[in-house]
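Asks: Dumping the structure here so I can ask a few things about it.
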Amino acid sequence: MASRAEERMQRQSARNGWLLSLPALGLLLIAALGPLLIIFVYSVLTPGQYGNVVWEFSWDGWVSILFTRDIFDGTLGLADAHLTIFWRSVSLSLMTTLATFALGFPTAWFIATRPPRQRGLWLFLITIPFWTNLLIRTFAINEVIRQEGVLNTFLLWTGVIERPLSIIYTDTAVLIGMAYVYLPLMVLPLFAAIDRFDMRLLEAGYDLYASRWQVLRRVILPIVKPGIVAGSILVFVPSLGAYVTPRVLGGGKNMMIGNFIELQFLAGRNWPLGAALSVTLLLIVTAALLIYVRAANRGSNPHG
Amino acid sequence: MTEAVTIEARNAVKAFGQGDHVVRALDDVSIQIRKGEFFTLLGPSGCGKTTLLRLIAGFEMPTSGTILLDGADITELPPNKRPVNTVFQSYALFPHLTVAENVGFGLTMQGRPRAEVTARVAEMLALVKLEAMAGRKVSQLSGGQQQRVALARALAPQPKVLLLDEPLSALDLKLRKEMQVELKRLQTETGITFIFVTHDQEEALTMSDRIGVMSAGKLQQVGSPKDIYTRPVNRFVASFIGETNFLPATVVPGGVRLATGDVVEVAAQARGDVTLTVRPEQVRIVGAGEAGAIAATVKFLVYFGTDTHCHLALADGTEVVARVQSPASGEAGIEAGSAVGLRFASGAAQVLED
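First to last, the sequence lines map onto chains U and L. Taking my numbering, the leading residue of the first sequence gets 1, the next gets one more, and so forth. Taking my numbering, the leading residue of the second sequence gets 1001, the next gets one more, and so forth.
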């Protein structure tokens, strides 16, 4: 009957939809895939003497991610320094995610349980750090935790410690800095999830013999899991590629992948290695996301 | 039914707010609920019935007073330590769990073995006729089905007392009637003490073994549906349960004298000004001028099918409603404007003190 005309209309509106989104898709394609393609091509070329690349195919960029060539006999050995940087990046990012969750969950819960009129104010306060440039915020943290900084001065003055704490230029300093910088990115999605949580379920849980801990684990956490997943991704992904924070708070020696990539493009003059590292970082992020999202889905739908 | 008391509240007071704004949601309530009975707390919203239920469940602590379960003081016990389960008004089913997991939640939290949980869940789902839905998410169920899951979930751990907080209010009329029968069946089959909270007097009358009528934080009357309906202790109970007539009267030897001067024979302990109450179905319409009948005029009639409500006015203007059987087709009935006489069925009229 009318189904054929309807079908044609549907096809037409689908085609119009594609046509309308073409400019955006084109922009995304050029802006996202373009640089990626350039990076990938650079990773299989030969480094030029003063940076840049020579158009000569070589796997050296990729090989030197994990191996170093001995200067004397040319044999390949595992590049321990590189592995250390990878490991530091992944573990610091994981710890940052955990730290922001541990701090962010109670914060988000607190905000979500305020009267509706107060919530806006609290969320506003959470976003205040975004008003300041990341570099300035990071230097502010530096000012707090450095040897003669605010924290040490205060603790020495109160007599809690006798010698200043050496936090600055350690992995701990980087962790503190990243947790501070990325905390809002954890709080906001957690708040959105907890805000939707039906608080009456807490009473149902207690009524059915669950302890406080069991209510948290068996009722609250599974239901707000989409918020936890979103927050974790928002914190973990930029943490892995963090550049400013490890540079300012980790000093020169506690590098993360981001700093290592920068080193290859500037002082190291090894663009192919830098490019190969960039692609590797992308692959680690993708792998981490796939593992995480799959684990999250499995947990929430045991019968699916 | 045994006479053993399962739940007892002694002088329970629950006050909310501070300073000048203290509201006594429960004002010195003492009540005994017997083992295995279907007990209904009936009252308008804000009367304190839900507060009393929450004290029994353990979600609130009384400001003063005691809650006892089988004679033991449970006032300070948290909800997860009380063998009491609740069917919530909103059902409060866990959206991330399947029907079977919802029903098994309490048992799992109690640490019962997995095999026992599985068996008990199957038994409970059979009891509420939802075996086919075991693997579904609760969001895929209809309101009536969610209601049954909530019931099965609360009954699964075999609580000593089941609390039901207006569980039928979200259902449409037909489903509500079905669930009333269903609840009564479940209560009889399980033998568990049910404490049911409602503002619907008809629901209370049809389902309960006993009813506690509440108003303004106080328990007004406790008794069987018949007691409550036929022997209300005060004006509030009389007007809240069913329809009734109130006639101002004065106590005289042998009965009360109405404002019209007619004397109605009735037992009265009180003195002075009282109120006489009589249900519309206990008002008989007789011929005008019949000996001993109260003279009245028919103002208008409201037809209800089987019954017709006759709105009458006495000589002094007091309005009285009489419920009479509707006349068969062709049969002449009472007509508006006609003068008639009224009698009250013997023993039906009652004196209220305020």
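For glycine and all other residues, C-beta sits at the position ideal for the given N, C-alpha and C.
Pull up the distance between the alpha-carbon of I1056 (chain L) and that of K1049 (chain L), whole angstroms please.
Replies: Along the second sequence, read from residue 1 onward, the residue named residue 1056 (chain L) stands at position 56. Along the second sequence, read from residue 1 onward, the residue named residue 1049 (chain L) stands at position 49. Each residue's Cα considered, the two are about 11 Å apart.
Asks: Tell me which residue opens and which closes the beta strand (DSSP E) that G77 (chain U) is part of.
Replies: Indexing the first sequence from 1 puts residue 77 (chain U) at position 77. Segment 76-78, the beta strand (DSSP E) holding G77 (chain U).
Asks: Which of helix, strand or coil does DSSP assign to H82 (chain U)?
Replies: One-based indexing of the first sequence puts residue 82 (chain U) at position 82. Reduced to three states, the DSSP call for H82 (chain U) is helix.
Asks: Does the beta carbon of A1348 (chain L) fall short of 8 Å from some heavy atom of the ligand PLP?
Replies: The ligand PLP is not among the ligands present in this structure, which contains no ligands whatsoever.
Asks: If you follow the alpha helix (DSSP H) that M199 (chain U) is part of, which residue opens it and which one closes it?
Replies: Counted from its first residue, the first sequence places residue 199 (chain U) at position 199. Element bounds for M199 (chain U): n/a, residue is neither H nor E.
Asks: Let me see if you follow: with CB-CB separation under 9 Å, is A210 (chain U) close to chain L or not?
Replies: Walking along the first sequence from the start, residue 210 (chain U) turns up at place 210. Chain L contact via Cβ: present.
Asks: What are the residues in the region 164-195 of chain U lying within 8 Å of chain L by C-beta distance?
Replies: Those residues of the region 164-195 of chain U that come within reach of chain L (Cβ to Cβ, closer than 8 Å) do not exist; the list is empty.
Asks: Does any C-beta atom of chain U lie closer than 9 Å to the C-beta of G1065 (chain L)?
Replies: Locating residue 1065 (chain L) in the second sequence gives position 65, counting from the first residue. Chain U contact via Cβ: absent.
Asks: Assign M255 (chain U) to one of three DSSP states: helix, strand, or coil.
Replies: Position 255 of the first sequence, counting from 1, holds the residue named residue 255 (chain U). DSSP places M255 (chain U) in coil when its eight states are reduced to three.
Asks: What are the residues that DSSP puts in a beta bridge with R1284 (chain L)?
Replies: Your numbering for residue 1284 (chain L) matches position 284 in the second sequence. BP columns for R1284 (chain L) point to L:R1343.
Asks: To the nearest angstrom, how far is it from the Cα of I145 (chain U) to the Cα of L151 (chain U)?
Replies: The residue labelled residue 145 (chain U) in the question sits at position 145 within the first sequence. The residue labelled residue 151 (chain U) in the question sits at position 151 within the first sequence. Roughly 6 Å between the two C-alpha positions.
Asks: Would you report the Cα separation of V41 (chain U) and W62 (chain U), rounded to the nearest angstrom?
Replies: By 1-based counting over the first sequence, the position of residue 41 (chain U) is 41. By 1-based counting over the first sequence, the position of residue 62 (chain U) is 62. One C-alpha to the other measures close to 12 Å.
Asks: What are the uninterrupted segments assigned as beta strand (DSSP E) that are 3 or more residues long and contained completely in the region 57-141 of chain U, given in chain order?
Replies: Fully enclosed beta strand (DSSP E) runs of 3 or longer: 67-69, 76-78.
Asks: From L78 (chain U) to T84 (chain U), what distance separates their C-alpha atoms?
Replies: Sequence index remark: in the first sequence, residue 78 (chain U) carries index 78 (1-based). Sequence index remark: in the first sequence, residue 84 (chain U) carries index 84 (1-based). When rounded, the distance between both Cα atoms is 11 Å.
Asks: Which of helix, strand or coil does DSSP assign to H303 (chain U)?
Replies: In the first sequence, the residue the question calls residue 303 (chain U) occupies position 303. Legend: pLDDT at H303 (chain U) = 41, less than 50; position of this residue unreliable, no value from coordinates given.
Asks: Need the endpoints of the alpha helix (DSSP H) that Y42 (chain U) sits in, please.
Replies: Counting from one through the first sequence, the residue named residue 42 (chain U) turns up at place 42. Here the alpha helix (DSSP H) through Y42 (chain U) covers 34-43.
Asks: Along chain L, which residues have their Cβ under 8 Å away from the Cβ of A204 (chain U)?
Replies: As a working mapping, residue 204 (chain U) is identified with position 204 in the first sequence. Simply T1086, F1088, A1092, L1093, F1094.
Asks: At a CB-CB cut-off below 7 Å, which residues of chain U make contact with A1119 (chain L)?
Replies: Here residue 1119 (chain L) corresponds to residue number 119 of the second sequence, with the count starting at 1. In chain order: nothing, as chain U lies at least about 18 Å away.
Asks: Chain L partners of V229 (chain U), CB-CB under 9 Å?
Replies: Taking the first sequence and counting its residues from 1, one reaches residue 229 (chain U) at position 229. Within 9 Å Cβ-Cβ: nothing; V229 (chain U) doesn't reach chain L, min ~14 Å.
Asks: Got a sec? Which residues, its chain only, sit under 7 Å from R1146 (chain L) by beta carbon, not counting five neighbours each side?
Replies: Stepping through the second sequence from its first residue, residue 1146 (chain L) is reached at position 146. What sits at residue 1146 (chain L) in the sequence shown is Gln, not Arg. Contacts found: Y1091, L1093, V1138.
Asks: Please report the residue range of the beta strand (DSSP E) in which D1273 (chain L) lies.
Replies: One-based indexing of the second sequence puts residue 1273 (chain L) at position 273. Note, D1273 (chain L): beta strand (DSSP E), 1273-1278.
Asks: Kindly say whether L201 (chain U), judged by its beta-carbon, lies nearer than 9 Å to any beta-carbon of chain L.
Replies: Translated into positions along the first sequence, residue 201 (chain U) becomes position 201. Closer than 9 Å: yes.
Asks: What residue range does the beta strand (DSSP E) around A242 (chain U) cover?
Replies: Taking the first residue of the first sequence as position 1, residue 242 (chain U) is located at position 242. Taken as a continuous stretch (DSSP letters only), A242 (chain U) belongs to no beta strand (DSSP E), as it is neither H nor E.
Asks: Can you tell me which of L:I1031, L:V1213, L:A1336, L:V1117 puts its alpha carbon nearest to the alpha carbon of F1240 (chain L)?
Replies: Sequence index remark: in the second sequence, residue 1240 (chain L) carries index 240 (1-based). The option with the nearest alpha carbon to F1240 (chain L) is L:V1213.
Asks: Does the beta carbon of M1001 (chain L) sit closer than 9 Å to a beta carbon anywhere in chain U?
Replies: For the purposes of this step, residue 1001 (chain L) is taken as residue 1 along the second sequence, with counting starting at 1. Caution is warranted here: a pLDDT of 44 is assigned to M1001 (chain L), below 50, making its placement in the model unreliable, and no coordinate value can be reported.
Asks: Would you mind sorting E162 (chain U) into buried or exposed? The rule is 16 or more other CB atoms within 10 Å of its CB.
Replies: Here residue 162 (chain U) is taken as the residue at index 162 of the first sequence, counted from 1. Exposed, because fewer than 16 other Cβ atoms sit within 10 Å of the Cβ of E162 (chain U).
Asks: Looking at the secondary structure, which residues open and close the alpha helix (DSSP H) in which R1082 (chain L) lies?
Replies: Counting from 1 along the second sequence, the entry for residue 1082 (chain L) is found at position 82. Note, R1082 (chain L): premise wrong, no alpha helix (DSSP H); not H, not E.
Asks: Tell me which same chain residues have a C-beta within less than 8 Å of the C-beta of T1318 (chain L), skipping the five on either side of it?
Replies: The residue you call residue 1318 (chain L) lines up with position 318 of the second sequence. So the list reads L1247, P1248, L1258, A1259, T1260, once near-sequence residues are dropped.
Asks: Indicate whether at least one CB of chain U lies closer than 9 Å to the CB of F1105 (chain L).
Replies: Along the second sequence, read from residue 1 onward, the residue named residue 1105 (chain L) stands at position 105. It does; some Cβ of chain U falls within 9 Å.
Asks: Determine whether the beta carbon atoms of L1171 (chain L) and L1127 (chain L) lie at a separation below 9 Å.
Replies: Residue mapping note: residue 1171 (chain L) aligns to position 171 of the second sequence, counting from 1. Residue mapping note: residue 1127 (chain L) aligns to position 127 of the second sequence, counting from 1. Against a cut-off of 9 Å, the Cβ pair of L1127 (chain L) and L1171 (chain L) comes out as no contact.
Asks: If you measure between the beta carbons of R1279 (chain L) and R1323 (chain L), is that distance less than 9 Å?
Replies: Residue numbering aside, residue 1279 (chain L) sits at position 279 when the second sequence is read from its first letter. Residue numbering aside, residue 1323 (chain L) sits at position 323 when the second sequence is read from its first letter. Yes. Within cutoff.
Asks: Which residues of chain L have a Cβ atom closer than 7 Å to the Cβ of V219 (chain U), listed in chain order?
Replies: Here residue 219 (chain U) is taken as the residue at index 219 of the first sequence, counted from 1. Chain L residues near V219 (chain U): F1094.
Asks: Using the C-alpha atoms, what's the distance from T1306 (chain L) back to N1011 (chain L)?
Replies: Residue mapping note: residue 1011 (chain L) aligns to position 11 of the second sequence, counting from 1. Residue mapping note: residue 1306 (chain L) aligns to position 306 of the second sequence, counting from 1. Approximately 46 Å between the Cα atoms of the pair.
Asks: Since Y209 (chain U) and M1109 (chain L) are thought to touch, with beta carbons under 8 Å apart, how far apart are those beta carbons, to the nearest angstrom?
Replies: Looking up residue 209 (chain U) in the first sequence gives position 209. Looking up residue 1109 (chain L) in the second sequence gives position 109. That belief holds up - the Cβ atoms of Y209 (chain U) and M1109 (chain L) are roughly 4 Å apart, short of 8 Å.
Asks: Would you kindly report the start and end of the unbroken beta strand (DSSP E) that includes Q147 (chain U)?
Replies: Translated into positions along the first sequence, residue 147 (chain U) becomes position 147. Where Q147 (chain U) is concerned, there is no enclosing beta strand (DSSP E), given that its DSSP letter is neither H nor E.
Asks: Quick one: using the 10 Å Cβ neighbour count with 16 as the cut-off for buried, is K1014 (chain L) buried or exposed?
Replies: Locating residue 1014 (chain L) in the second sequence gives position 14, counting from the first residue. Its Cβ being crowded by 16 or more others within 10 Å, K1014 (chain L) is buried.
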